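Worksheet: one structure, shown below.
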Amino acid sequence: MNQNIHEEQKIEKSFDIDLFKRLFKFTRPYLPVFIICILLLFFITAVDLVRPYLIKVVIDDYINAWEEPMVSSIEALPHDPDKLSVVKYNDQYFVRESELRTYIQDDFVDYLKSQDPEKGQDIEQALKGLSPGSAKNDSKERSLAETLNLLKENGVDWAHFIDPKMKYQLFIHEGHQYLTGGVIPSNADIDTRQIENHRIYADKNLIHLTPLTEEDYHAFRVADINGIIKVITTFVIILVGGFLLNYLQALLLNYAAQRQIYEMRQALFNHIMHQSLAFFDKNPVGRLVTRVTNDMKNISDMYTNVLINAFKDVLLLGGTIFVMFALNAKLALVSLITFPLIGLAAWRFRTKAREAHRAVKVKIAKINSSLSENISGMKIIQILTNRLP
């Protein structure tokens, strides 16, 4: 018998195209299922990206919205209640400055275009920074005052409705709610020692306060509460949809992978059973068992975990980077400064992990072959011992 029977062959290649061609013969019947799983990954990745964005919307647009400056009007604003939230308090109509500016630039322009298409088109071009007949967009983030002036220049005067210079803001101190007669900067140094007299100082600027009851404060925040409820409902629907998509993808993937591994094990077992006795003299039973069990499990993991998860990670990483640049390009560039270091560390880890994994495979095959030979040899020794006089 070969003295090197327990020596395992070390694997040197990191990628063997011939091996993948042989595996593809078993993959081909289930290729449509794998394609469906990959398509499902696009929807699953979209769900994973939408969830943190919805949380961002809840925090920035609704929970922290009480800090948004407001303007007021003594007359009711012409608006669509579903698209603009207006609060009536002390015979005045309050609306958030950013919401009103967006409403004028989008929905109000559409309303004008439906009433007077030519006039609506001129106002739309003016709000976008387009001169008549020009194709270049010189638009910028206009203030509400600039937006109202553009409307006035084009025959729509909202000045008698709104004074954009007078702004208001909600203010909370020790559980009490107030309406401020001015805007408090987010980083302002606030002096509240005279708050009992309904006034505070923000960076030494006097700001008068109007106390609000719980009902009044709720009236200012009811649009935020409704918005949070809508986002939560959407979040739950997306969460359930993502769970169902993940379940369907895992079910299809495991079905195709297990069927493929079953056929590969059958083919390998039939191949081993048709080998000559000399083959079994050179290859211990433990090594063959390792090939049929452990190595087949590794192939199964490659289909169910490695390939699909790698594809999902690439999609998720690409989508995350895209969203980061869409929200703030400068901050995204700063965040990606460490990307080369992470890539270098991942490449180094992959090299070391691959070497360690291959060494473990060789050791396991060697242990299984040694145990099989020794245990089966014990029976032979016992039989020979019984035959001795």
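For the sequence shown, this note's numbering gives the first residue as 1428, with consecutive numbering after it. Every residue gets a Cβ at the ideal spot worked out from N, C-alpha and C, and that includes glycine. Just so we're clear, the structure is a prediction, and the values are computed from it rather than from any experiment.
Cβ separation of Ala1626 and Ile1634, assumed to be a contact under 8 Å, to the nearest whole Å: One detail in the question is off: residue 1626 reads as Arg in this sequence, not Ala. Indeed, because the Cβ distance is near 7 Å, the residues count as touching under 8 Å.
For Thr1778, three-class secondary structure by DSSP: helix
The segment 1442-1457 / the segment 1640-1649 touching (three or more Cβ pairs under 8 Å): no
Ile1501 versus Leu1744: straight-line alpha-carbon distance, rounded: 51 Å
Span of the beta strand (DSSP E), counted from its first residue to its last, around Leu1734: No beta strand (DSSP E) holds Leu1734; DSSP gives it neither H nor E.
For Asp1590, three-class secondary structure by DSSP: For Asp1590, the secondary structure class from DSSP, reduced to helix, strand or coil, is coil.
For His1625, three-class secondary structure by DSSP: Residue state, collapsed to three classes: coil.
Contact belief for Thr1717 with Ala1783 at Cβ below 8 Å, rounded distance in angstroms: 17 Å between Cβ atoms; not a contact.
8 Å Cβ cutoff met for Val1719 and Leu1476: no
At least 3 beta-carbon pairs within less than 8 Å: the segment 1680-1699 vs the segment 1444-1457: yes
C-alpha distance - Tyr1520 paired with Leu1575, whole-angstrom precision: Straight-line Cα distance between these residues: approximately 17 Å.
Whole-angstrom distance between Met1700 and Gln1693, CA atom to CA atom: 11 Å
C-beta contact flag for Leu1636 and Phe1662 at 8 Å: no
Which residues DSSP lists as bridging Pro1459, in chain order: Looking at the DSSP output, Pro1459 sits in no beta bridge, so it has no partner there.
Residues bridged to Gln1702 (per DSSP): None; Gln1702 has no bridge partner.
Where Gly1547 falls: helix, strand or coil (DSSP): Gly1547: helix per DSSP, three-state reduction.
With 16 other Cβ atoms within 10 Å as the buried cut-off, status of Leu1511: buried
Identified DSSP bridge partners for Leu1639: Gln1604
Beta-carbon proximity of Met1593 to Ser1499, cut-off 8 Å: The Cβ atoms of Met1593 and Ser1499 lie closer than 8 Å to each other.
Same chain only: Cβ atoms within 7 Å of Leu1571, ignoring 5 sequence neighbours per side: Val1498, Glu1524, Leu1527, Arg1528 and Pro1591
Touching by the beta-carbon criterion (3+ pairs, under 8 Å), the segment 1709-1716 and the segment 1470-1488: Flag = no, the segment 1709-1716 and the segment 1470-1488 do not touch.
Endpoints, the alpha helix (DSSP H) within which Val1610 is located: Neither: Val1610 is in no alpha helix (DSSP H) and is coded neither H nor E.
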